[in-house]
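Numbering of the sequence shown is given in this note's numbering, commencing with residue 54 and proceeding in unit increments. From the three backbone atoms N, C-alpha and C, an ideal C-beta is built for every residue, glycine too.
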Amino acid sequence: MWDTMLDELSGGFQAVPPIIAGARLFAALVLGGLIGLEREWQEKPAGLRTHMLVSMAACMFIIVSQQLAALDFGDTGEQRIDPLRLIEAVTAGVAFLAAGTIFTAGGKVKNITTGASMWLAGAIGLACGSGQMPLAAMATGIVLAVLFVVRVLEQKWLE
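Written as structure tokens, this is what we have:
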């Protein structure tokens, strides 16, 4: 039992190697951030951090789906689980909850980054559930940097 747990925590079976996953997450973060930066300059409600988180969450969902698709769920006649339907269910549920946190007050949209971070938290949960703890840890570190560092930069340059 301990060997299995240690193997899983150390990465175990990887459909997408951690270095490739990290590169994909970083690319999604940068490219989503470029769009978000333009939205910030146009003073739109969904800006830099929001676009970075949404892009990265979408990347996470694809990487997790690749991992799940590579897992053995039994022979075709024996399968009781469709891993991609699991992702659809989680993303729909989390998106519903995230949308509930977003509201408009005084002509301004509020909590949109919180909604995006909730969606990304769903992706992190899926990654953990599929045995991709290194991927989830990388994503969490990047997200924390986005939420903290980008906020400081925004306050410095945009205020």
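- If you draw a straight line from the Cα of VAL117 to the Cα of LEU137, it comes to about 9 Å.
- In the displayed model, LYS161 falls within a strand according to three-state DSSP.
- With the rule of 3 Cβ pairs closer than 8 Å, the stretch 166-178 does not count as touching the stretch 205-212.
- Remark: C-beta atoms of GLY100 and VAL143 do not approach each other more closely than 9 Å.
- Cβ-Cβ distances below 7 Å link SER108 to ALA81, LEU82, LEU84, GLY85 in the same chain, with the five nearest sequence neighbours on each side left out; the list follows chain order.
- CYS181 and ALA189 have their C-alpha atoms some 6 Å from each other.
- Comparing alpha-carbon positions, the option among ILE165, PHE149, LEU150, PHE114 lying closest to PHE156 turns out to be ILE165.
- About 7 Å separates the beta carbon of ALA74 from that of MET191, a gap short enough to meet the 8 Å contact definition.
- The closest CA to that of PRO71, considering only PHE149, LYS97, GLN119, is found on GLN119.
- Runs of the alpha helix (DSSP H) lying entirely within the stretch 67-146, each at least 4 residues long, are 71-94, 101-123 in chain order.
- Per the DSSP secondary-structure output, PHE156 pairs in a beta bridge with LYS163.
- For LEU197, the enclosing alpha helix (DSSP H) starts and ends at 186-198.
- Take ARG102, set aside five residues on each side of it, and the residues of its chain with a beta-carbon closer than 6 Å to its own are THR166, VAL199, VAL203, in chain order.
- A distance of 9 Å or more separates the beta carbons of MET113 and GLY89.
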